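Q:
Number of protein chains: 2
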Amino acid sequence: MSSDTLDQVFNKIDDLSEVFKKRLSNAIAIQSVSSDQTTKGREKVYQMTDFLELQLQNLGAKVQRYSLGDEPDTKPVLKLPDVIIAKYPPTPAANKKTILIYGHYDVQPEGPGWDQSAWELTEKNGKLYGRGSTDDKGPVLAWLNALEAYKEAGVDIPVNLMFCFEGMEETGSIGFSDFAQKNKALFENIDAVCISDNYWLTTRKPCLTYGLRGINYFTITIAQKPLQGLQPPVPLHSGIYGGTVHEPMTELIIMLSKLADVDGNILIPGINEMVDTVTKEEEERYKKIDFKMDEFKQTIRSEAAIYTEARDTLMHRMRYPSLTIHGINGADPSENQTTAIYPKVTGKFSIRTVPSMDIKKVGDLVVQYLEQEFEKLGTKNTCEVKAFGESAPWWLGNTNDANFTAGTAATRRVYNTEPDLTREGGSIGVTLDLKNALKPNTSIMLLPVGQSDDGAHGPNEKLSRKNYIDGSKLLGAYWYYIAHPQA
Amino acid sequence: MSSDTLDQVFNKIDDLSEVFKKRLSNAIAIQSVSSDQTTKGREKVYQMTDFLELQLQNLGAKVQRYSLGDEPDTKPVLKLPDVIIAKYPPTPAANKKTILIYGHYDVQPEGPGWDQSAWELTEKNGKLYGRGSTDDKGPVLAWLNALEAYKEAGVDIPVNLMFCFEGMEETGSIGFSDFAQKNKALFENIDAVCISDNYWLTTRKPCLTYGLRGINYFTITIAQKPLQGLQPPVPLHSGIYGGTVHEPMTELIIMLSKLADVDGNILIPGINEMVDTVTKEEEERYKKIDFKMDEFKQTIRSEAAIYTEARDTLMHRMRYPSLTIHGINGADPSENQTTAIYPKVTGKFSIRTVPSMDIKKVGDLVVQYLEQEFEKLGTKNTCEVKAFGESAPWWLGNTNDANFTAGTAATRRVYNTEPDLTREGGSIGVTLDLKNALKPNTSIMLLPVGQSDDGAHGPNEKLSRKNYIDGSKLLGAYWYYIAHPQA
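Top to bottom, those sequences are chains A and B.
Residue numbers are given in full-length UniProt numbering: position 487 of the first sequence equals residue 487, and the series is strictly consecutive.
Residue numbers are given in full-length UniProt numbering: position 385 of the second sequence equals residue 385, and the series is strictly consecutive.
And the structure:
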């Protein structure tokens with residue numbers, strides 16, 4: 001197979017574009033909302049598992065379904081949707097690399113604000129509207145489109161494919177981490193992983209994503225210390241008790257004020273010291289990324305940008321940590337005039353972590369710092385700082401490896417441009433779940449199909465027809481270039 | 001009439017105690033919950049108006065009902081319960097002082113946690129349990145009991161009485177302020193006012209209450225500044241935007257941390273300077289008040305007391321200002337792990353004011369201070385500080401006047417002890433409404449019937465039988481001593 005044979009695949013993709021649109025339309029019509037905890041809702045997710053299984057079987061793949069058991073705390077008890085593992089060819093060729101492809105087939109709920117049906121694919125001005133069009137049914141089906149085009153064009157697929165599609169991604173990938181750990185054998189021959197479940201940084205330029213920030217989530221609880229043998233304290237009337245008791249809310253506010261400044265700098269000693277120094281190469285890389293501050297402002301809809309330069313904004317999204325206070329539990333959140341002193345209040349905050357922070361140490365430093373600062377207050381109330389849930393670690397890929405080289409070549413071939421090299425500011429849990437199940441140093445790359453303005457999770461989610469069709473080509477080209485690193 | 005004739009009244013009160021208990025039982029059975037905004041709920045409040053009107057008419061009083069119109073924002077529209085004005089004798093005697101007696105006949109909702117019915121008077125160990133027993137049906141009926149006892153004993157009542165009973169006190173006395181202003185003529189011949197709607201400071205010792213703290217309520221809102229022509233900003237994902245935008249929650253926390261310290265000291269310049277200096281006489285007064293820190297701790301159910309001395313605790317409840325942060329609106333108040341940066345958050349706090357703070361100036365100082373501090377932050381977000389609702393001013397009576405002299409004499413006579421002289425830390429709006437409708441310098445005194453542990457507003461609200469019966473004597477004795485200042 002020469003590089004020219006890719007043109008046959010591309011032509012076939014163009015020929016089949018209406019078929020592919022119909023495939024997406026059929027998928028969008030299945031309301032596979034994984035957060036819907038009704039039996040009826042969950043059945044639609046199962047229906048989507050069946051749909052994908054059939055599609056893959058029709059394309060000649062060998063499909064295995066892996067049960068994840070029951071979803072915890074559901075009533076009636078809901079079975080988690082199966083993970084689909086599909087191999088093409090059914091028996092891997094010994095002389096080809098094996099590529100693991102991850103995607104998810106569940107979607108967010110419809111939500112308010114749609115200008116057309118969320119569950120009926122609608123094409124307007126070259127855009128394909130519908131829930132899941134870009135997140136993540138479009139990209140999942142783009143892989144299937146590529147497979148179909150290779151086959152229809154009579155072109156041999158130059159790699160062994162292993163698809164891994166789950167149905168709970170939008171609800172925290174419940175069960176996936178366990179599945180990956182229990183089935184490590186499935187992943188032992190994987191040479192590279194490609195995930196298409198994020199977006200370009202802009203509406204113009206394709207990108208490869210090589211990093212994610214992690215997240216450490218914390219709670220800090222200030223409480224009045226109960227008297228032994230009595231019921232716990234209740235809210236007190238601020239008229240009667242204001243000025244005579246230590247108020248947990250006053251103290252929580254003081255504690256939370258010690259976390260970050262208005263420019264987003266983290267004030268906890270030792271945190272910033274763990275962040276990698278910016279290299280010359282990195283400086284250059286960020287300068288090259290196509291990103292306009294005017295567009296950023298439009299996206300955030302406000303004047304709240306801290307930095308005037310795109311480079312600073314990008315670096316702070318991608319390679320610096322951040323700290324956000326998300327809310328307070330236990331005080332009065334209403335708009336009403338209330339007059340209580342609350343006996344126990346909890347602040348919630350999170351730190352986005354980056355290379356090479358030791359995430360265990362991040363937790364220790366936060367607890368130690370807040371405990372020391374609380375000690376200084378000299379109050380009779382108590383303070384408890386806790387890690388909330390499991391920390392998702394940051395992830396950083398190697399942009400110089402064969403996986404990224406193939407991604408770059410595929411992008412050049414389809415879009416005739418260099419891809420931006422980006423990191424995501426958020427965390428994608430499955431990336432780490434897969435990393436932990438793979439052989440050490442197996443490369444993972446995020447190869448997005450959609451654009452920054454696709455509106456995943458919101459109303460009027462869309463995928464441009466061009467991105468859907470060119471994306472199918474991109475993913476197909478990626479198979480070629482990872483098999484032919486010198487091409 | 002000599003002081004001895006009071007014994008005849010007291011004996012009659014003892015004779016009639018079962019009749020008085022039945023009167024309270026009948027009143028408690030009427031579920032006059034003013035915050036119940038259903039037609040059926042409101043009808044019970046009207047039923048209580050009728051009950052009181054009939055009781056007063058049977059005792060020979062002339063009753064007039066004053067309509068307060070409709071309750072704003074109710075659907076279906078609810079008529080406010082009438083204010084009852086009742087005069088005894090129907091034609092005031094020219095040679096007697098006229099005393100205004102305020103009380104309210106509505107109650108709090110039942111709420112959870114009762115060990116017996118809230119709406120059926122239950123006597124256990126000398127305690128009369130039921131909603132409204134102490135707040136405020138018991139005290140209101142104690143006035144009626146006193147009137148009945150004077151009449152049954154054939155003793156002339158030495159003052160003209162004007163009762164003023166409202167039915168919306170537990171819901172902010174809606175309409176009462178307007179009523180008082182519109183009907184100033186009603187109040188022009190009033191010589192003194194007595195309100196029985198608070199409690200002793202302890203379970204042991206009666207008190208007269210001569211002061212109330214006021215309340216100034218504030219909100220501070222930090223918001224991202226919207227871009228012209230765009231929809232307002234929405235919550236942003238902290239993964240994607242954390243570190244790149246000014247976060248309103250971080251800034252609100254910083255602003256709120258500048259209000260008060262852990263010992264309840266207000267940090268706003270100029271506030272504490274307006275507080276009256278403690279006089280020697282005051283020092284002595286606070287020393288004398290019967291108040292134990294151990295009991296205080298039991299009441300607050302925690303170790304959160306700031307002061308170890310009763311005197312300090314009392315002074316900070318009664319004669320020093322305080323500041324409480326009540327909650328934050330616009331962030332996530334749940335227990336869940338959420339990851340949003342909220343575009344607009346509002347903190348709510350209040351300052352309890354005391355003599356001789358200029359409450360207008362309090363508002364100005366708060367706004368000016370926070371605006372200056374926000375300026376220093378150097379953020380692109382916006383800050384708005386607002387007074388929320390109307391400020392309730394503080395109130396201070398004159399404990400040396402004829403009204404308090406009579407209250408003291410009545411207490412000595414019934415309880416054989418000096419009353420504690422107390423102030424309430426909270427505000428009682430009607431005190432000021434009445435003050436504003438009265439001739440200047442008309443004395444108001446709060447003369448409580450119930451005890452500190454009566455549990456108004458909570459489950460198992462009670463009034464001790466002894467307090468109910470002795471309270472009826474106390475109020476009757478008060479009439480005697482205000483008519484006979486030299487007795």
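Built from N, CA and C at the ideal position, the CB exists for glycine as well.
The structure displayed is predicted, hence computed values, not measured ones.
(1) Does B:A340 have its Cβ less than 8 Å from a Cβ in chain A?
(2) By DSSP, does A:P343 sit in helix, in strand, or in coil?
(3) Would residue 488 of chain B and B:M168 be called neighbours here (beta carbons separated by less than 8 Å)?
(4) Assign B:R423 to one of two classes, buried (16 or more other C-beta atoms within 10 Å of its C-beta) or exposed (fewer than that).
(5) With 7 Å as the C-beta to C-beta threshold (strictly closer), list the residues of the region 98 to 109 of chain A near chain B in chain order.
(6) Between which two residues does the beta strand (DSSP E) harbouring A:S443 extend?
(7) In chain A, which residues lie with their C-beta within 9 Å of the C-beta of residue 509 of chain B?
(8) Strictly below 7 Å CB to CB, what residues from chain A border B:T313?
(9) Taking the Cβ atom as the reference point for each residue, do A:D50 and A:E461 lie within a distance shorter than 8 Å?
(10) Which residues, in order along the region 10 to 32 of chain A, keep a beta-carbon less than 7 Å from a beta-carbon of chain B?
(11) If you follow the alpha helix (DSSP H) that A:H316 is in, where does it begin and where does it stop?
(12) Report, in whole angstroms, the separation of the C-beta atoms of A:E251 and A:T379, which I expect to be a contact under 8 Å.
(13) Beta-carbon within less than 8 Å of A:G172's beta-carbon, same chain only, minus the 5 sequence neighbours each way: which residues are those?
(14) Among A:W200, A:I215 and A:G214, which one has its Cα closest to the Cα of A:L208?
(15) Got a sec: which bits of the region 281 to 298 of chain B sit with their beta carbon under 9 Å from any beta carbon on chain A, in order along the chain?
(16) Return the residue from the list A:Y342, A:E295 and A:E335 that minimises the CA-CA distance to B:R301.
(17) Does B:L377 come within less than 8 Å of chain A when only Cβ atoms are used?
(18) Quick one, are the C-beta atoms of residue 494 of chain B and A:Y307 less than 8 Å apart?
(19) Is the Cβ-Cβ distance between B:M255 and B:I215 less than 8 Å?
(20) At 8 Å on the CB atoms, spell out the chain B contacts of A:V278, in chain order.
(21) List, in order along the chain, the chain B residues whose C-beta lies closer than 9 Å to that of A:P485?
(22) Looking at the secondary structure, which residues open and close the beta strand (DSSP E) in which B:F163 lies?
(23) So for B:V234, helix, strand or coil by DSSP?
(24) So residue 488 of chain A contacts chain B; which residues on that side make the cut at Cβ distance below 7 Å?
(25) Find the nearest neighbour of B:G407 within the set B:S356, B:I351, B:G471 and B:G389, judged by alpha-carbon distance.
(26) Can you pull the chain A residues whose beta carbon is under 9 Å from the beta carbon of B:D332, in chain order?
(27) With a threshold of 8 Å between beta carbons, is B:A304 in contact with chain A?
(28) Can you pull the chain B neighbours of A:Q224, defined as C-beta to C-beta under 9 Å?
(29) So what's B:I359 in DSSP terms, helix, strand or just coil?
(30) Just the chain A side, please: which residues come within less than 7 Å of B:N381 by C-beta, in chain order?
(31) For chain A, is any of its Cβ atoms less than 8 Å away from the one on B:S427?
(32) From the DSSP secondary-structure annotation, give me the bridge partner or partners of A:P226.
(33) Please report whether the beta-carbon of A:L447 lies at a distance below 8 Å from any beta-carbon of chain B.
(34) Are the C-beta of B:P233 and some C-beta of chain A separated by less than 8 Å?
(35) Can you tell me whether DSSP reads A:T411 as helix, strand or coil?
(36) Can you look up B:E123 in the DSSP assignment and give me helix, strand or coil?
A: Looking at the atomic coordinates:
(1) Here residue 340 of chain B refers to the residue found at position 340 of the second sequence. At a cut-off of 8 Å, the C-beta of B:A340 has a neighbouring C-beta in chain A.
(2) Numbered from 1 along the first sequence, position 343 holds the residue referred to as residue 343 of chain A. Three-state result, A:P343: coil.
(3) Outside the modelled stretch of chain B, which goes from 1 to 487, sits residue 488 of chain B, for which no answer is possible.
(4) Position 423 of the second sequence, counted from the start, is the residue given in the question as residue 423 of chain B. Counting Cβ neighbours within 10 Å, B:R423 comes out buried, since at least 16 surround it.
(5) So nothing in the stretch comes that close.
(6) Counting from one through the first sequence, the residue named residue 443 of chain A turns up at place 443. S443 to L446 is the span of the beta strand (DSSP E), which, as asked, contains A:S443.
(7) Only positions 1 to 487 of chain B appear in the structure, and residue 509 of chain B is not among them; the question remains open.
(8) Position 313 of the second sequence, counted from the first residue, corresponds to residue 313 of chain B. Simply T244.
(9) Translated into the one-based positions of the first sequence, residue 50 of chain A becomes position 50. Translated into the one-based positions of the first sequence, residue 461 of chain A becomes position 461. Result no, Cβ atoms of A:D50 and A:E461 do not sit closer than 8 Å.
(10) none
(11) Within the first sequence, the letter at position 316 stands for residue 316 of chain A. Its alpha helix (DSSP H) spans residues A310 to M318.
(12) By one-based count along the first sequence, residue 251 of chain A stands at place 251. By one-based count along the first sequence, residue 379 of chain A stands at place 379. About 6 Å; that satisfies the 8 Å criterion.
(13) Within the first sequence, numbered from 1, the residue matching residue 172 of chain A stands at position 172. Cβ within range, chain order: G429.
(14) For this step, residue 208 of chain A is matched to residue 208 along the first sequence. Selection A:W200, A:I215 and A:G214 evaluated against A:L208 yields A:W200 as nearest (Cα-Cα).
(15) F296, K297 and Q298
(16) Residue numbering aside, residue 301 of chain B sits at position 301 when the second sequence is read from its first letter. Closest by alpha carbon: A:Y342.
(17) Along the second sequence, read from residue 1 onward, the residue named residue 377 of chain B stands at position 377. Output row for B:L377: interface = yes.
(18) The question about residue 494 of chain B has no answer here: the residues shown for chain B are numbered 1 through 487.
(19) Sequence index remark: in the second sequence, residue 255 of chain B carries index 255 (1-based). Sequence index remark: in the second sequence, residue 215 of chain B carries index 215 (1-based). Result no, Cβ atoms of B:M255 and B:I215 do not sit closer than 8 Å.
(20) The residue you call residue 278 of chain A lines up with position 278 of the first sequence. Here the premise fails: no neighbours, minimum Cβ distance about 14 Å.
(21) On the first sequence, residue 485 of chain A is found 485 positions in, with the first residue counted as 1. In chain order: nothing, as chain B lies at least about 33 Å away.
(22) Indexing the second sequence from 1 puts residue 163 of chain B at position 163. It spans N160 to E166 - the beta strand (DSSP E) in which B:F163 sits, taken as one unbroken run.
(23) Residue mapping note: residue 234 of chain B aligns to position 234 of the second sequence, counting from 1. Note: B:V234 maps to coil in three-state DSSP.
(24) Any answer about residue 488 of chain A is impossible in this case: the structure gives chain A only from 1 up to 487.
(25) As a working mapping, residue 407 of chain B is identified with position 407 in the second sequence. The candidate whose alpha carbon is nearest that of B:G407 is B:G471.
(26) As a first step, residue 332 of chain B is located in the second sequence; it is residue number 332 there, counting from the start. What B:D332 touches in chain A: H326, G327, I328, N329, P333 and K348.
(27) Along the second sequence, one-based indexing puts residue 304 of chain B at 304. For B:A304, the answer is yes, since a Cβ of chain A falls inside 8 Å of its Cβ.
(28) To locate residue 224 of chain A, count along the first sequence from 1; it is residue 224. Within 9 Å Cβ-Cβ: I300, R301, S302, E303 and A304.
(29) Against the second sequence, residue 359 of chain B aligns to sequence position 359. Correct three-state label for B:I359: helix.
(30) Along the second sequence, one-based indexing puts residue 381 of chain B at 381. By Cβ distance, chain A contributes A304.
(31) The sequence position of residue 427 of chain B within the second sequence is 427, counting from 1. It does: the Cβ of B:S427 has a partner Cβ on chain A nearer than 8 Å.
(32) Translated into the one-based positions of the first sequence, residue 226 of chain A becomes position 226. BP columns for A:P226 point to B:S302.
(33) In the first sequence, residue 447 of chain A corresponds to position 447, counting from 1. False, the Cβ-Cβ gap to chain B never drops below 8 Å.
(34) What you label residue 233 of chain B is simply residue 233 of the second sequence in a count that begins at 1. B:P233 counts as touching chain A.
(35) Counted from its first residue, the first sequence places residue 411 of chain A at position 411. In this structure, A:T411 counts as helix in the three-state DSSP scheme.
(36) Walking along the second sequence from the start, residue 123 of chain B turns up at place 123. Looking at B:E123 - three-state DSSP - the assignment turns out to be strand.
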